[in-house]
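I have placed the structure first, in the form of structure tokens, so that the comments after it can refer back to it.
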Amino acid sequence: MFAYTIRRLATLVPVLLGMTFIVFMMIRAIPGNPAQLILGQQATQEAIEGLTRRLGLDQPWYTQFFAYIKGLFAGDLGVSLKTNVPISEEIWPYLAATMELALVAMIIAIVVGVNAGIVSAWFQNSWFDYTAMVLALIGVSMPIFWLGLMEQYIFSIQLDLLPTTGRDNIRVPVDPITHLYLIDTLIQGRFDQFTEVIRHLILPGIALGTIPMAIIARMTRSSMLEVMRSDYIRTARAKGMKMFWVVYKHSLKNAMIPVVTVIGLQTGLLLGGAILTETIFGWPGIGTYIYDAISFRDYPVIQSGILVVATIFVLINLLVDLLYAAIDPRIKFK
Amino acid sequence: MKKSLFTLFALMLALSLALAGCSSGGDSGNGGDDEKVDPNNVMIYGRGGDSVALDPAVVTDGESFIVTEQIYEPLVNYGKDNTDIVAGLAKKWNVTDDGLTYTFELEEGVKFHDGEKFNAEAVVKNFERWAKSKDEEKFYYYKSMFGGFEGDEGHVIESIKADGDNKVVFKLKRPQAPFLKNIAMSPFAIASPKSFEGDKLSKEPVGTGPFKFKSWKPNDTIVLEKNADYWVKDLPKLDGVTFKVIKDNSSRLNALTKGEIDLMDGLNPSDMKKVQDNGKLQLFERPSMNVGYLGFNVEKAPFDKKEVRQAISHLIDKQAIIDNFFEGTAEPAKNPMPPSINGYNDSIQGREYDEAKAKELLAKAGVPDGFKMDLWAMPVARPYMPNGQKVAEAIQANLAKVGIEANIVTFEWGTYLEKTRNGEAPVFMLGWTGDNGDADNFLYTLLDKDNIGSNNYSRYANDEVHKLLLEAQSTPDEDARAELYKKAQVIIHEDAPWVPLVHSKPQLAGASKIKGFVPHPTGSQSFADTSFE
Numbered sequence: 001m002f003a004y005t006i007r008r009l010a011t012l013v014p015v016l017l018g019m020t021f022i023v024f025m026m027i028r029a030i031p032g033n034p035a036q037l038i039l040g041q042q043a044t045q046e047a048i049e050g051l052t053r054r055l056g057l058d059q060p061w062y063t064q065f066f067a068y069i070k071g072l073f074a075g076d077l078g079v080s081l082k083t084n085v086p087i088s089e090e091i092w093p094y095l096a097a098t099m100e101l102a103l104v105a106m107i108i109a110i111v112v113g114v115n116a117g118i119v120s121a122w123f124q125n126s127w128f129d130y131t132a133m134v135l136a137l138i139g140v141s142m143p144i145f146w147l148g149l150m151e152q153y154i155f156s157i158q159l160d161l162l163p164t165t166g167r168d169n170i171r172v173p174v175d176p177i178t179h180l181y182l183i184d185t186l187i188q189g190r191f192d193q194f195t196e197v198i199r200h201l202i203l204p205g206i207a208l209g210t211i212p213m214a215i216i217a218r219m220t221r222s223s224m225l226e227v228m229r230s231d232y233i234r235t236a237r238a239k240g241m242k243m244f245w246v247v248y249k250h251s252l253k254n255a256m257i258p259v260v261t262v263i264g265l266q267t268g269l270l271l272g273g274a275i276l277t278e279t280i281f282g283w284p285g286i287g288t289y290i291y292d293a294i295s296f297r298d299y300p301v302i303q304s305g306i307l308v309v310a311t312i313f314v315l316i317n318l319l320v321d322l323l324y325a326a327i328d329p330r331i332k333f334k
Numbered sequence: 001m002k003k004s005l006f007t008l009f010a011l012m013l014a015l016s017l018a019l020a021g022c023s024s025g026g027d028s029g030n031g032g033d034d035e036k037v038d039p040n041n042v043m044i045y046g047r048g049g050d051s052v053a054l055d056p057a058v059v060t061d062g063e064s065f066i067v068t069e070q071i072y073e074p075l076v077n078y079g080k081d082n083t084d085i086v087a088g089l090a091k092k093w094n095v096t097d098d099g100l101t102y103t104f105e106l107e108e109g110v111k112f113h114d115g116e117k118f119n120a121e122a123v124v125k126n127f128e129r130w131a132k133s134k135d136e137e138k139f140y141y142y143k144s145m146f147g148g149f150e151g152d153e154g155h156v157i158e159s160i161k162a163d164g165d166n167k168v169v170f171k172l173k174r175p176q177a178p179f180l181k182n183i184a185m186s187p188f189a190i191a192s193p194k195s196f197e198g199d200k201l202s203k204e205p206v207g208t209g210p211f212k213f214k215s216w217k218p219n220d221t222i223v224l225e226k227n228a229d230y231w232v233k234d235l236p237k238l239d240g241v242t243f244k245v246i247k248d249n250s251s252r253l254n255a256l257t258k259g260e261i262d263l264m265d266g267l268n269p270s271d272m273k274k275v276q277d278n279g280k281l282q283l284f285e286r287p288s289m290n291v292g293y294l295g296f297n298v299e300k301a302p303f304d305k306k307e308v309r310q311a312i313s314h315l316i317d318k319q320a321i322i323d324n325f326f327e328g329t330a331e332p333a334k335n336p337m338p339p340s341i342n343g344y345n346d347s348i349q350g351r352e353y354d355e356a357k358a359k360e361l362l363a364k365a366g367v368p369d370g371f372k373m374d375l376w377a378m379p380v381a382r383p384y385m386p387n388g389q390k391v392a393e394a395i396q397a398n399l400a401k402v403g404i405e406a407n408i409v410t411f412e413w414g415t416y417l418e419k420t421r422n423g424e425a426p427v428f429m430l431g432w433t434g435d436n437g438d439a440d441n442f443l444y445t446l447l448d449k450d451n452i453g454s455n456n457y458s459r460y461a462n463d464e465v466h467k468l469l470l471e472a473q474s475t476p477d478e479d480a481r482a483e484l485y486k487k488a489q490v491i492i493h494e495d496a497p498w499v500p501l502v503h504s505k506p507q508l509a510g511a512s513k514i515k516g517f518v519p520h521p522t523g524s525q526s527f528a529d530t531s532f533e
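Which chain is which? The protein sequence lines are A and F, in order.
Numbers 1 to 334, taken from my numbering, label the letters of the first sequence in order.
Numbers 1 to 533, taken from my numbering, label the letters of the second sequence in order.
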């Protein structure tokens, strides 16, 4: 398994290089000169040309590309055109914000999704099954924008239960240490702030978790249905085992492989795909960081931001593959 | 499986503790606040985007200025709700009759947030930092407002000298009538010279203003706290101001309704009624300092004939555009600059919607049956035009009534500006937000023949207008200048290189407890005398 992991990690390099190349070419295909956007509508032609030169954007694309790759191998992600700060210095708080949100969203999605799927399969064609699957269908097709605003309207404004936006109470802000606020508040022993942070995570967590929740529920249901028709389950039931254990112990374990795959893919997608949730909930995450960079034509940030997210995505999928062996001992990596 | 999961969590915890160990040293300074801040007396300002940097001299975006305006102060200020000049760090000033020498008498006993003394030398050092840099990309506004850098031919400032501790003397090469208005702009606020070292101002701003910088979480919050040693007695009234980014306009309003923020800009016009109906909220209207217009490239047929341009002016129903696309939060424009600016000619009669008149003018121009044309519409929402595409469609429908067939064209914003500047667009929508609140910044910048290829997108050249505008630039007397600008507007109105469409008035919403907040036309204002009831 160790050799397998190393081999998989080695294949990451060409994958990420290829992806970097595609992103590099794509952002240069979008019209619009970063110098013009940085300097604004008022800028003179000379100013625009001067800045273009200083940013090296007048160089041929391959010179720019190799300079960027060279920097990457030296651990240099580049400098943001907008803020003039090295990306490696400014990216972590954004990433931490999104990771915290994605984690909560996935916990909600997995706990609710897997259980809804199991119960639906257990009581196939019951009212619960129909309701859950209709809700799942709605969940997959729900516009997050609308869902987020509705959540705010109902749970914050009408019922006054939860805050509408942000990661913490703006009036009593968290002092960032690791930028993972759940951990920061615990380290500082600020349990009042810890509960505040959790309260702030609930609504965006649900909004972000809805689509993966629905996908996980549907996947669990179909996978469970398949397993529950197999012979060993019939045997287990025949010997008089309680249905609960048949479902949660015997069936679930074998039904988990496709579900874990989906969970892995969805977790990766959440990291980059949290843009809408971040926009609605005033969440300073990596999605808005990259999105802002696109509208600003901040090439280094777009490139390195996507590279970082892609790396995490690929690593999560590797982790999922390794988890297969833990879940199902019949799987061996060679 | 359980064991490996446990190991994973243990590893994560260890990692975060290690990270905590690395960076906790830098944060220990935060605990030592000398004064107790009352969190209920801190105003939270919700906005749609983050600041780029907190050194006002190097930025051009409103989201940066709105913050730097609290931290730094210029020598002279704008009036509370207009662009007239009032005292700032300079309590008095004197201009010689030839308009070439400005002597500023500074406030005494003012200190920067880092404890350094504010004096004449500090002012000189600030101006030298900009003038000697010759760095157009960095100090963009300096170059554009003062005509260049030290040694450049266009540079308007001949010399700046300290005369004792409290007097600064500016000598100009030639008169620049809007000089005081330029000095009052946010980019030319005075920073502590000590803070220039290492170029850290962008992240660690140090000025003399009512609020001091405390912390910045990018794309989230910027926290400012009260400057207890502020030189104006009894100000500021708030204990601090926090700027919070909430991108979406509707959720920003949700946060305001819930009381998480106290004041917000970027209110959707369609949400105005919600704010009016809510007893805990109030509306604020920012006076306009912009113009949205439909421009003609006067070098391209048939728009080289002024009758055609006038005819199209008669085909645009400005009030209908305002009612439908601005929800009433704008006023119809008849001049190229808004009424808040000194020199606005109110005696000009705007061209009313009149199909018969338009047909008559078209016949006079030799195109009685209309023609085909491209109508360029901007792809993005601008302060002066929230929905260019929709407004273009409305214009298109009206033009069709007299047989003018308009084909709507658009490009990505950067490309749009570039192509329009190069004269590729025959008819285009565009607008302008004023920099310094001076008529020169509208009429000369946008319609003088000197600026063809730059901001004169219409390529309009009229020698008489040119003469008037240059004369106004070197006339120090404000009333005499205003007369010159009024004359220029009459000629521009007759020539109709644009159809001025609207002056929009951005809406803000705030908690009803807010007192003393007056939105300024420039888009940024000090919160020094804002308070909670």
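Just so you know, even glycine gets a beta-carbon here, dropped at the ideal spot from N, CA and C.
So residue 413 of chain F contacts chain A; which residues on that side make the cut at Cβ distance below 8 angstroms? 32 and 37
Is residue 23 of chain F buried or exposed, if buried means 16 or more other CB atoms sit within 10 Å of its CB? Caution applies to residue 23 of chain F, whose pLDDT of 38 falls short of 50 and renders its modelled position unreliable; the model cannot decide the point.
What does residue 354 of chain A touch in chain F if you count any residue whose Cβ is under 7 angstroms from its own? With chain A covering 1 to 334 only, the question about residue 354 of chain A has no answer from this structure.
Cβ-based burial, residue 349 of chain F [other Cβ within 10 Å; buried from 16]: exposed
Which one or two residues does DSSP pair with residue 269 of chain F in a beta bridge? For residue 269 of chain F, which the question treats as bridged, DSSP gives no partner whatsoever.
Residue range of the unbroken beta strand (DSSP E) whose run includes residue 398 of chain F: From DSSP, residue 398 of chain F is part of no beta strand (DSSP E) but of the alpha helix (DSSP H) over 388 to 400.
Between residue 136 of chain F and chain A, is the shortest Cβ-Cβ distance under 7 angstroms, so that the two count as touching? yes
Check each residue of the segment 73 to 90 of chain F: if its Cβ is closer than 8 angstroms to any Cβ of chain A, include it; give the result in chain order. none
Going by DSSP, name the residue or residues bridged to residue 292 of chain F. F:431 and F:502
Given a threshold of 16 other Cβ atoms within 10 Å of its Cβ, counted over all protein chains shown, does residue 89 of chain A qualify as buried or as exposed? exposed
Reduced DSSP secondary structure (H/G/I, E/B, other) of residue 514 of chain F: strand
For residue 184 of chain A, which residues from the same chain have a beta carbon less than 8 angstroms from its beta carbon, with the 5 sequence-adjacent residues on both sides left out? 174, 175, 176, 177 and 178
Which of the three DSSP states, helix, strand or coil, is assigned to residue 26 of chain F? Bear in mind that the predicted position of residue 26 of chain F carries a pLDDT of just 36, short of 50, making it unreliable; the figure below should be weighed with that in mind. Residue 26 of chain F falls in the helix class under three-state DSSP.
Beta carbons nearer than 8 angstroms to chain A: which residues of the segment 221 to 247 of chain F have them? 221, 223, 242, 244, 245, 246 and 247
Can you say whether residue 172 of chain F is buried or exposed, counting buried as having 16 or more other CB atoms within 10 angstroms of its CB? buried
State buried or exposed for residue 267 of chain A, treating a residue as buried only when at least 16 other CB atoms are found within 10 Å of its CB. buried
Name, going along the chain, the residues of the segment 254 to 283 of chain F whose beta-carbon falls closer than 8 angstroms to a beta-carbon of chain A. 254, 255, 257, 258, 260 and 261
Under 7 angstroms by beta carbon: chain A residues contacting residue 250 of chain F: 149
Using a C-beta to C-beta distance shorter than 9 angstroms, which residues of chain F count as neighbours of residue 47 of chain A? 136, 137, 140, 143 and 144
Hey, is the segment 28 to 38 of chain A in contact with the segment 397 to 415 of chain F, meaning 3+ C-beta pairs nearer than 8 angstroms? yes
Starting from residue 127 of chain F, follow the alpha helix (DSSP H) in both directions and report where the run begins and ends. 120 to 133
So residue 158 of chain A contacts chain F; which residues on that side make the cut at Cβ distance below 8 angstroms? What residue 158 of chain A touches in chain F: nothing, since even the nearest Cβ is about 10 angstroms away.
Please tell me whether residue 131 of chain A and residue 281 of chain A are closer than 7 angstroms, where the distance is taken between their beta carbons. no
Indicate whether residue 457 of chain F and residue 295 of chain F have their beta-carbon atoms separated by less than 7 angstroms. yes
Determine, for residue 302 of chain A, whether the minimum Cβ-Cβ distance to residues of chain F falls below 7 angstroms. no
Which residue spans inside the segment 417 to 490 of chain F form an unbroken alpha helix (DSSP H) run of at least 4? 440 to 447 and 463 to 473
Given residue 130 of chain F as reference, the closest of F:119, F:116 and F:151 once Cα atoms are compared: F:151
With 7 angstroms set as the bound, which would you pick, yes or no: does the beta-carbon of residue 52 of chain F sit closer than that to a beta-carbon of chain A? yes
Host beta strand (DSSP E) of residue 407 of chain F (start-end): 405 to 409
For chain F, is any of its Cβ atoms less than 7 angstroms away from the one on residue 277 of chain A? no
Is the shortest distance between the beta-carbon of residue 261 of chain A and the beta-carbons of chain F less than 7 angstroms? no
How should residue 146 of chain A be labelled, buried or exposed, when 16 other C-beta atoms within 10 angstroms of its C-beta is the threshold for buried? exposed
Give a yes or no on whether the C-beta atoms belonging to residue 496 of chain F and residue 273 of chain F are separated by under 7 angstroms. no
Same chain only: Cβ atoms within 7 angstroms of residue 102 of chain F, ignoring 5 sequence neighbours per side: 93, 95, 170 and 179
Environment of residue 7 of chain A [buried if 16+ CB atoms lie within 10 Å]: exposed
Would you verify that the beta carbon of residue 454 of chain F is, or is not, closer than 7 angstroms to some beta carbon of chain A? yes
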